[in-house]
Amino acid sequence: MNLRREPSGRQPSRGAAPRNYLAPGEHRRLFWRVMPLAAALVLLLSWVENRWFPRVMPRPAPQADTKLEALRGPMPEGDAVLIERDEEPFEPSVPAAELSAPAPALAQVRDATFFRDEEIDAWLQTFITLESSGRDALRRGRPRDVSFSELFGQPRTFRGRLVRMRGKLHRLERLRAPANDYGIDDYWQGWLEPAGGPPSPVVLHCLQLPQGMPEGMDISEDVEVTGYFLKNYAYVARDTIRVAPLIMVLEPAWKPLPAAVPEGGLHGAVSLGTVAAATAATALAAVVIGGVLSRRRAARRGAAAPADLDAALAGVDICTVEESLRRVAASLPDAPPRGEGP
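So for the sequence shown, my numbering puts the first residue at 5; every next one is plus one.
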């Protein structure tokens, strides 16, 4: 008799059950085989990216020199007298119908100065234009998105033009308006930190405020303003006299933050990391609990179901067909003896 021997290290495949990849045990085995390698690969790729492909951080906006003396030169000393040169004629860069005030009134405006009496007419006419236009018309009027550098560096180009800017409002106070016959008794002066920098303020003169908007000298509100640029306005800073662009606005666009969102809620890096850690912990706990439950179910199924055919027939009384018929006949009442007729 020839006996076939299996090569060393191999087991006969006869009767081996096929692998069930849907079983919970297979899921766990594949998870722990794949996940460590995947995590190591992610860490390796992150290191490679940071080492050879560093992120290019945007350059901060250059700080503008807003000191008055940088624009107009040093102030005269002693008995010296400063004679200003005549301004060049004002030539609007847009049609007269798109200006905030008549061109002759805008021609009286001077940059890098405090408010002069000659400029009050253009200031009032701009407020009247804003009030008569309304918020919707101003938004539909094709305002130009501008930066601090554009207004500060090209005041004559943008004088009287409709512009738009976004930023963070840090101060807001009500001031008394100059005496006039237009019913403008007061206005709001705000200090806007423009989005995208530099950290130099833009002065806002607002005719009204949205309902519920905070006011005061210590606020921080994200706003969008659409209005008319008037001039580069000189103001007294803590260190010296500086200059800032002045935009006249009907009403800043402002939306309050939802009350349900706590300060620094889900917007900070720490909170996002906490959420990610909690998610990973939940997934790991689900895998562990699922494995424990699946093992318990498998143990219960193993205890209830026999392992083979012999175990299944262990308590069964096996008899022949003749013996079965004899037992059935004996169980019938008044059964005649076998082989006897009536």
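Just so you know, even glycine gets a beta-carbon here, dropped at the ideal spot from N, CA and C. These numbers were taken from a predicted model, which means no experiment stands behind them.
- Leaving out the 5 sequence neighbours to the left and right, which residues in its chain are closer than 6 Å to residue 125 when beta-carbon positions are compared? Working through the sequence shown from its first residue, we reach residue 125 at position 121. Same-chain partners within the cutoff: 109.
- Item | Alpha carbon of residue 46 to alpha carbon of residue 24, nearest angstrom | Residue mapping note: residue 46 aligns to position 42 of the sequence shown, counting from 1. Residue mapping note: residue 24 aligns to position 20 of the sequence shown, counting from 1. Roughly 30 Å separates the two Cα atoms.
- Query: residue 252 and residue 209: beta carbons closer than 9 Å?
  - Reply: Your numbering for residue 252 matches position 248 in the sequence shown. Your numbering for residue 209 matches position 205 in the sequence shown. Yes, Cβ-Cβ distance for residue 252 and residue 209 is below 9 Å.
- Task: State buried or exposed for residue 250, treating a residue as buried only when at least 16 other CB atoms are found within 10 Å of its CB.
- Result: Here the question's residue 250 lines up with position 246 in the sequence shown. The residue in question, residue 250, is buried, as its Cβ has 16 or more Cβ neighbours within 10 Å.
- Message: By the three-class DSSP mapping on this structure, what secondary structure does residue 73 have?
- Response: Numbered from 1 along the sequence shown, position 69 holds the residue referred to as residue 73. Residue 73: helix per DSSP, three-state reduction.
- Task: Check whether the Cβ atoms of residue 254 and residue 139 lie closer than 9 Å to each other.
- Result: As a working mapping, residue 254 is identified with position 250 in the sequence shown. As a working mapping, residue 139 is identified with position 135 in the sequence shown. Their beta carbons are under 9 Å apart, which means residue 254 touches residue 139 by this criterion.
- Item | Strand pairing of residue 230, partner residues [DSSP] | Residue 230 sits at position 226 when you count from the first residue of the sequence shown. Partner(s): 168.
- To the nearest angstrom, how far is it from the Cα of residue 261 to the Cα of residue 176? Locating residue 261 in the sequence shown gives position 257, where the first residue counts as 1. Locating residue 176 in the sequence shown gives position 172, where the first residue counts as 1. Rounded to whole angstroms, residue 261 to residue 176 spans 18 Å at the Cα level.
- Task: Compare the Cα-Cα distances from residue 134 to each of 159, 102, 219, 123 and report the closest residue.
- Result: Position 130 of the sequence shown, counting from 1, holds the residue named residue 134. Taking only the C-alpha atoms, the option nearest residue 134 is 102.
- Message: Between 172, 158, 32, which has its C-alpha nearest residue 207's C-alpha?
- Response: For the purposes of this step, residue 207 is identified with residue 203 of the sequence shown, where counting begins at 1. With distances taken between Cα atoms, residue 207 lies closest to 172.
- At least three beta-carbon pairs within less than 8 Å, the region 228 to 241 to the region 152 to 164: yes
- Message: Restricting to Cα atoms, I'd like to know which of 99, 94, 185 is closest to residue 4.
- Response: Since the first and last residues shown for the chain are 5 and 346, residue 4 lies out of range.
- Selected residue, minimal CA-CA separation from residue 201, among 180, 150, 331, 36: Within the sequence shown, the letter at position 197 stands for residue 201. Measuring from the Cα of residue 201, the nearest candidate turns out to be 150.
- Item | Backbone secondary structure at residue 130 - three-state DSSP | Within the sequence shown, residue 130 is the residue found at index 126, counting from 1. If DSSP states are grouped into helix, strand and coil, residue 130 belongs with the helices.
- Query: Can you tell which of 73, 129, 53 has its C-alpha closest to the C-alpha of residue 246?
  - Reply: The sequence position of residue 246 within the sequence shown is 242, counting from 1. Considering only alpha carbons, the answer is 73.
- Message: Less than 9 Å between the beta carbons of residue 224 and residue 174, yes or no?
- Response: Within the sequence shown, residue 224 is the residue found at index 220, counting from 1. Within the sequence shown, residue 174 is the residue found at index 170, counting from 1. For residue 224 and residue 174, yes; Cβs fall inside 9 Å.
- Query: Mind checking whether the beta-carbon of residue 111 lies closer than 8 Å to any heavy atom of the ligand MN?
  - Reply: Absent from the structure shown: the ligand MN. Ligands present: none.
- Less than 8 Å between the CB atoms is what I'm expecting for residue 244 and residue 71, so what's the real figure, rounded? As a working note, residue 244 is residue 240 in the sequence shown. As a working note, residue 71 is residue 67 in the sequence shown. Indeed, because the Cβ distance is near 6 Å, the residues count as touching under 8 Å.
- Item | Spatial neighbours of residue 107 in its chain, beta-carbon cut-off 7 Å, leaving aside the 5 residues before and after | If you number the sequence shown from 1, residue 107 lands on position 103. So the list reads 94, 96, 100, once near-sequence residues are dropped.
- Task: Go through its chain and collect everything with a Cβ distance to residue 265's Cβ below 6 Å, but skip five positions before and after it.
- Result: Within the sequence shown, the letter at position 261 stands for residue 265. Confidence at residue 265 is low in this model, with a pLDDT of 47, below 50, so the placement of that residue is unreliable and no value is reported for it.
- Item | Option nearest residue 216 by Cα separation, candidates 248, 259, 195, 205 | Taking the sequence shown and counting its residues from 1, the one referred to as residue 216 is at position 212. That would be 259, whose Cα lies nearest to the Cα of residue 216.
- State the beta-bridge partners of residue 235 as determined by DSSP. Sequence index remark: in the sequence shown, residue 235 carries index 231 (1-based). BP columns for residue 235 point to 250.
- Query: Residue range of the alpha helix (DSSP H) that residue 194 falls in?
  - Reply: Walking along the sequence shown from the start, residue 194 turns up at place 190. Note, residue 194: premise wrong, no alpha helix (DSSP H); beta strand (DSSP E) at 190 to 198.
- Task: Please report the residue range of the alpha helix (DSSP H) in which residue 46 lies.
- Result: Taking the first residue of the sequence shown as position 1, residue 46 is located at position 42. Start and end: 28 to 56.
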